[in-house]
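Below is one structure, written out as structure tokens; the observations come after it.
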Amino acid sequence: MIEVERLAKKYGELKAVNDLSFKVEKGKIWGLLGPNAAGKTTTMRILTGFLPATEGKASVAGFDVFERPDEVKKITGYLPEVVPLYSEMTVSEFLTFVAAIKQVPSSRRKEALGRALEVSGLASVKNRLIENISRGYKQRVGIAQALIHDPQILILDEPTIGLDPAQIKEIRDLIKSLKGEHTIMLSTHILAEVTQTCDGVVIINEGRLMASGSLEELTTSFGGKEGVVLKLKKGHEEAVFAFQEIPGVDRVSRQDSELTIEWVRGKDLREAVSGLAVERGWGLLEMRPVAINIEDLYLRIVSGGAEQ
């Protein structure tokens, strides 16, 4: 649905985006993750046709961004980091105005307005002036204006920036509710945004691609080892030593009632581990796979320079 190939953007000698390539599948939520000044906003502006690239190719739903920018804009909804709102308008007035700009037929504008208000959770404030609604509602208005023409693609630049925790959760839930009907790409430098909202991620730093793929693929690729986390009812100290004796086990660590058992990638010792716990009567309450923490993954990729 979104394809980027060797994209570059230069400002004089500065390369804001440098040889960037990635793909986003239809109906998925994909994060564009990186530190501040990594090139996220520049990349999104290029994808939405608001900024030309210096080199490379980009296509959205099969339309070349540079050769057919008008077609791309028709099927794309864009939420910039700073939402351009007219505070003297009511919510409904503003969204109707945007619908006209985006060439929604006049016969369909009332329907489009109703849908955008409902999906974005704005029905209760539709007749209020934008200057009198909260920051969270203003962000919802920004999302609603991106949705008003029912686009196939949503490009959201830092959609939860400046919001309080309750508002952040509301916006994340809203974004997840749009998955499937829309292909969504959102930029963020907040790690929790990726784990709680996205199916996959493109990680960039200084304009360069550092890693791209689903969260499962990336954590597997960079994890190094496999293993399980066990929650036991009793026998923890005995279990630490017993699990270490299983052939192939590389490391066993304990934190309170949980034990982490790791082994070299390619082996599968789950049956041996669970069987021993049951045999010894330690009370196996839970067993789940070991997964590298997204924070560890991000820091390893960005600070360690592990490019894919």
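Under my numbering, the first residue of the sequence shown is numbered -4, with each subsequent residue one higher. Beta carbons are placed, not taken as given, at the ideal position from N, Cα and C, and that holds for glycine.
Where residue i falls: helix, strand or coil (DSSP)
i: Arg40; result: helix
i: Ala234; result: helix
i: Gln98; result: coil
i: Val14; result: The question names Val, but residue 14 is Asp in the sequence shown. If DSSP states are grouped into helix, strand and coil, Asp14 belongs with the strands.
i: Thr192; result: helix
i: Ser209; result: strand
i: Lys164; result: helix
i: Arg123; result: coil
i: Lys228; result: coil
i: Gln303; result: Legend: pLDDT at Gln303 = 46, less than 50; position of this residue unreliable, no value from coordinates given.
i: Leu90; result: helix
i: Leu173; result: coil
i: Leu186; result: helix
i: Glu290; result: helix
i: Leu158; result: coil
Distance between beta carbons of residue j and residue i, contact taken as under 8 Å
i: Gly44; j: Val19; result: Not confirmed; about 16 Å, so no contact.
i: Lys21; j: Met(-4); result: 4 Å
i: Val114; j: Tyr132; result: Not confirmed; about 14 Å, so no contact.
i: Asn13; j: His184; result: That pair is no contact at about 18 Å.
i: Ser182; j: Lys35; result: 4 Å
i: Ile166; j: Leu173; result: 11 Å between Cβ atoms; not a contact.
i: Leu2; j: Gly51; result: 4 Å
Other residues of its chain near residue i: CB distance less than 7 Å, five sequence neighbours each side excluded
i: Trp277; result: Leu227, Lys228, Lys229, Gly230, Ala234
i: Pro284; result: Val223
Identified DSSP bridge partners for residue i
i: Met180; result: Trp25, Ile150
i: Trp258; result: Glu221, Val244
i: Ile(-3); result: Val19, Val55
i: Arg295; result: Note: Arg295 sits in no beta bridge, so no partner.
i: Gln250; result: Glu253
i: Ala3; result: Glu50
i: Thr85; result: Leu124
Proximal residues to residue i (C-beta, below 8 Å), its chain only, five neighbours per side dropped
i: Tyr293; result: Leu28, Leu186, Ile198
Terminal residues of the alpha helix (DSSP H) in which residue i lies
i: Ile199; result: Looking at the DSSP string, Ile199 is not in any alpha helix (DSSP H); the run it does join, the beta strand (DSSP E), is 195 to 200.
i: Arg342; result: A question about residue 342 goes unanswered here, because the residues of the chain that appear run from -4 up to 303.
i: Glu274; result: 265 to 275
i: Arg130; result: 130 to 142
i: Pro64; result: 64 to 69
Proximity test, Cβ basis, 9 Å: residue i and chain D
i: Ile156; result: Going by chain labels, chain D is absent from the structure shown, which holds only one protein chain.
Same chain, Cβ closer than 6 Å to residue i, five either side skipped, listed in chain order
i: Pro146; result: Ile70, Thr71, Gly72
Boundaries (first-last residue) of the beta strand (DSSP E) holding residue i
i: Leu280; result: 279 to 284
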